[in-house]
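Q: Residue numbers (the UniProt record's numbering), protein chains in the order written: chain W, 1 to 393; chain Y, 1 to 393.
Pasting a structure here, questions to come.
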């Protein structure tokens, strides 16, 4: 089957997470992604878990599958020349240096545009390409903090807590891929290339949800509230016999069913709980305690079955092993395998976007350091040797 | 300035969050989005915060800006006829019913494809269009739970906690918009339409990061660990005089600078802290306590300035008001204004993806219920009146 992005050439200068996650998606759907790393390898080649035998990073491997890889020292004259040659016929360039660095390296959009006017130049970063703190370095935790996410996550009684996985990096990477596609579609219509700029700070800020409008409409500064939703009730995580379950009862009709299901049909007639708005205001303590009490007598599997039968949105809190082994994840090919030349069998997440005619696919492992130098730069063995000695490759 | 998606017609059947967030992005970048709601209005019209005067939902308003709106009863024969007519020349249809419902309504992809073979038919849902639990209803909290996110978020000592904002819904919406663009680009090349299927369960699963490979490579089931990163140290959130700051000291070079900055240059010579690996193993309790002690004497603003000067990734934990008012958010137009006909001034998040040539824009408020019935269906006043009486509009 053909893939959606077949025939597109992507030059990929990204490291660590947001940029590589973007180009991973482009590669999954068929673009030829040429990952250009510094000679020593990019930073996340050294991040755990590391394969005991080969020393390869599982972290690097999951986010760089389907890509080809080369090394290049952009701080040498020859390295820069090779780079300019490479981008001449590229469709897309993706980079995620912090603001200002591409200019220092002479690979900023203004420079590259002169070489290839139609290129889509996509930049992922902590703080974006303009704005008062564009220059700052950023890790996921900093973007989660400043974007307002950490303050909204955790229980009232404890300190604020970050989202476990690197949500700022991953979501910025998805936005960046979407930005590339918006620009690419526009180029298909108008012929014009452009720059795409996505910041992790903006990314987190954009998904604060009703906290934003709670403030702009009513001046309310939403505070973290554990698992309780401010606008839907009941909507919470409950402890049961062998773990936790999440329940979301989104409207009056569902609440009527839910009340009957847990053996309390009278709840719907209770003036405190008759509408969603009332339930939001009066959920704590009585309604919460009543549901907590009910859940204590069942396992998470039992509650899941009961609620499934009743049509109530419900699911167990799964750990990573349970999620990986879930038959739904398996059937939707959300776990894939590929064979790495030195690290052997690799298993990681599959392609989220299911396309009926041009599905994504994991068909190649991540590249070894400099594995495709020859192919990507079109060099002879002799030229390669010389460039290595000169510290260019 | 022209927009990237100008000229594209999107028929939007979505409700609540993941679907509307997808079509919001398409509308922000210039697509004509025609939102079709049930006669009583879609569910999130009733979700707070509600405008005191008009009763309009701030929640609905932020996620439905830039769209046109109509009502339609798809369960009537005439309603279905009007719908089939509407999709004839649409480029994209987006829906987020749970699996199986579109077939019942006779608006599934197989049916619509016969009317419009080139259409991009995009489906967002909790569990996707196939798989053993495709039929189940789902809210954000359920996808966060089953996808493995809740189990990885929170402190060791407390119960697991969901991400405050609805991360499954928002991120599934972004993936869905990306899926639409992949399919649209492919159609521009090949002329072929297709179905796009994105599940919130898969979405959360896809961003579990190194937890996945920790398990597949080493059999380790990663547990929640508060704000501490297992593979970078120091990487944590610290309490200071007036709140909290996030700090990420990603490598030895940064740690040398950091140690000097907090007045403890000897740390780098301490055999417990000489490398990142050692620091990860020995961070708790001594190094953590030392940094905690240092932070207590400063405000978050002071720490931010000190670390900015030193080049250490650092940021304050901002609440929603502080994030909204941040000069960087302001300068990057991440807060926008529009005037709503009944709710008045509306302020919410702007467009994340900054495109240099075809920028996104918030140019119109969300539609009133049925506001564009006439325009969207091309009806006379008399026809409208009749259809309203018949319960079609």
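Virtual Cβ for every residue (Gly too), placed ideally from N, Cα, C.
As the structure is a prediction and not an experimental result, all values here were calculated from the model.
Taking Cβ-Cβ distances shorter than 9 Å, what residues in chain W pair up with residue 196(Y)?
A: Within 9 Å Cβ-Cβ: 353, 354, 355, 356.
Q: Would residue 182(W) pass as a contact of residue 181(Y) if the rule is Cβ separation under 8 Å?
A: Yes, the pair counts as a contact, with Cβ atoms nearer than the cut-off.
Q: Chain W partners of residue 85(Y), CB-CB under 9 Å?
A: Those within 9 Å of residue 85(Y) in chain W number zero; the least Cβ separation is about 24 Å.
Q: For residue 303(W), which residues of its own chain have a beta-carbon under 7 Å away from its beta-carbon, when the five flanking residues on both sides are left out?
A: Closer than 7 Å at Cβ, skipping near neighbours: 240, 245, 295, 314.
Q: In the DSSP output, which residue or residues are listed as bridge partners for residue 123(Y)?
A: Partner(s): 95(Y), 197(Y).
Q: Quick check: the Cα distance between residue 211(Y) and residue 293(W), rounded to an integer number of angstroms?
A: So the two alpha carbons sit approximately 32 Å from each other.
Q: If we cut at 8 Å on Cβ distances, does residue 209(Y) have a partner in chain W?
A: Yes, residue 209(Y) counts as interfacial toward chain W.
Q: Thinking residue 248(W) and residue 232(W) are a contact (beta carbons under 8 Å), I'd like their distance in whole angstroms, please.
A: That pair is a contact at about 7 Å.
Q: List the endpoints of the continuous beta strand (DSSP E) containing residue 327(W).
A: It is not in any beta strand (DSSP E) - residue 327(W) instead sits in the alpha helix (DSSP H) that spans 327-331.
Q: When we look at the beta-carbon of residue 363(Y) and count the other beta-carbons within 10 Å, is it buried (16 or more) or exposed?
A: Answer is exposed; the Cβ neighbour count stays below 16.
Q: Take the Cβ of residue 307(Y) as the centre, count every other Cβ of all protein chains shown within 10 Å, and call the residue buried at 16 or more, exposed below.
A: Residue 307(Y) should be labelled buried.
Q: Count the other CB atoms, across all protein chains shown, that sit within 10 Å of the CB of residue 272(W); report buried if there are 16 or more and exposed otherwise.
A: It counts as exposed.
Q: Since residue 59(Y) meets chain W, which of its residues come closer than 7 Å, beta carbon to beta carbon?
A: Neighbours of residue 59(Y) on chain W, chain order: 210, 213, 231.
Q: How long is the line joining the alpha carbons of residue 122(W) and residue 83(W), rounded to whole angstroms?
A: Rounded to whole angstroms, residue 122(W) to residue 83(W) spans 16 Å at the Cα level.
Q: What are the boundary residues of the beta strand (DSSP E) that residue 295(Y) is part of?
A: Residue 295(Y) -> not in any beta strand (DSSP E); alpha helix (DSSP H) instead, spanning 288-296.
Q: Which residues in the same chain have their Cβ closer than 6 Å to the Cβ of residue 161(Y), if we skip the five residues on either side of it in sequence?
A: Closer than 6 Å at Cβ, skipping near neighbours: 153, 154.
Q: For residue 118(Y), count neighbouring Cβ atoms within 10 angstroms of its own Cβ and tell me buried if that reaches 16, exposed if not.
A: Exposed, by the Cβ-count rule.
Q: Based on Cα-Cα distance, which residue from 238(Y), 78(Y), 17(Y), 30(Y) lies nearest to residue 358(Y)?
A: Residue 358(Y) has its Cα closest to that of 30(Y), out of 238(Y), 78(Y), 17(Y), 30(Y).
Q: List the endpoints of the continuous alpha helix (DSSP H) containing residue 385(Y).
A: Start and end: 381-389.
Q: Assuming residue 201(Y) and residue 124(Y) form a contact by the criterion Cβ under 8 Å, report the distance between their Cβ atoms to the nearest whole angstrom.
A: Not confirmed; about 12 Å, so no contact.
Q: Are three or more beta carbon pairs between the region 22-40 of chain Y and the region 1-10 of chain Y nearer than 8 Å?
A: A contact exists between the region 22-40 of chain Y and the region 1-10 of chain Y.
Q: With DSSP as the reference, label residue 84(Y) as helix, strand or coil.
A: Looking at residue 84(Y) - three-state DSSP - the assignment turns out to be helix.
Q: Return the CA-CA distance between residue 68(Y) and residue 89(Y), expressed in angstroms with no decimal places.
A: About 17 Å.
Q: I'd like to know if residue 332(Y) contacts chain W, where contact means its C-beta is closer than 8 Å to some C-beta of that chain.
A: Judged by the 8 Å Cβ criterion, residue 332(Y) is in contact with chain W.
Q: Is the beta carbon of residue 222(W) less than 8 Å from the beta carbon of residue 320(Y)?
A: Yes, Cβ-Cβ distance for residue 222(W) and residue 320(Y) is below 8 Å.
Q: Count the other CB atoms within 10 Å of the CB of residue 148(W); is the residue buried (16 or more) or exposed (fewer)?
A: By the neighbour-count rule (16 or more Cβ atoms within 10 Å), residue 148(W) is buried.
Q: Counting beta carbon pairs with one atom in the region 325-335 of chain W and one in the region 128-138 of chain Y, are three or more of them shorter than 8 Å?
A: Contact holds: three or more Cβ-Cβ distances are below 8 Å.
Q: Can you list, in chain order, the residues of the region 35-47 of chain Y whose Cβ is nearer than 8 Å to any Cβ on chain W?
A: Listed by position along the chain: 43, 46, 47.
Q: How is residue 309(Y) classed by DSSP in three states: helix, strand or coil?
A: Helix, per DSSP.
Q: So, under 8 Å CB-CB, residue 151(W) and residue 224(W) are touching, yes? Tell me the CB distance rounded to an integer number of Å.
A: With 8 Å as the limit, residue 151(W) and residue 224(W) qualify as a contact, their Cβ atoms being about 6 Å apart.
Q: Note the first and the last residue of the continuous alpha helix (DSSP H) segment covering residue 144(W).
A: Counting along the chain, the alpha helix (DSSP H) containing residue 144(W) begins and ends at 140-146.
Q: Establish whether the CB of residue 117(W) and some CB of chain Y are separated by less than 8 Å.
A: Taking Cβ atoms only, chain Y never reaches closer than 8 Å to residue 117(W), which makes this a no.
Q: What number of angstroms, rounded off, separates the C-alpha of residue 109(Y) from the C-alpha of residue 115(W)?
A: Their backbone Cα atoms lie some 44 Å apart in a straight line.
Q: Does residue 314(W) come out as helix, strand or coil in the three-state DSSP assignment?
A: In this structure, residue 314(W) counts as strand in the three-state DSSP scheme.
Q: Starting from the beta carbon of residue 349(W), find every residue of chain Y whose beta carbon is closer than 9 Å, and list them in chain order.
A: Going along chain Y in sequence order, the residues near residue 349(W) (Cβ under 9 Å) are 202, 205, 206, 207, 208, 212.
Q: Could you tell me the boundaries of the beta strand (DSSP E) in which residue 240(Y) lies?
A: Unbroken beta strand (DSSP E) run through residue 240(Y): 235-240.
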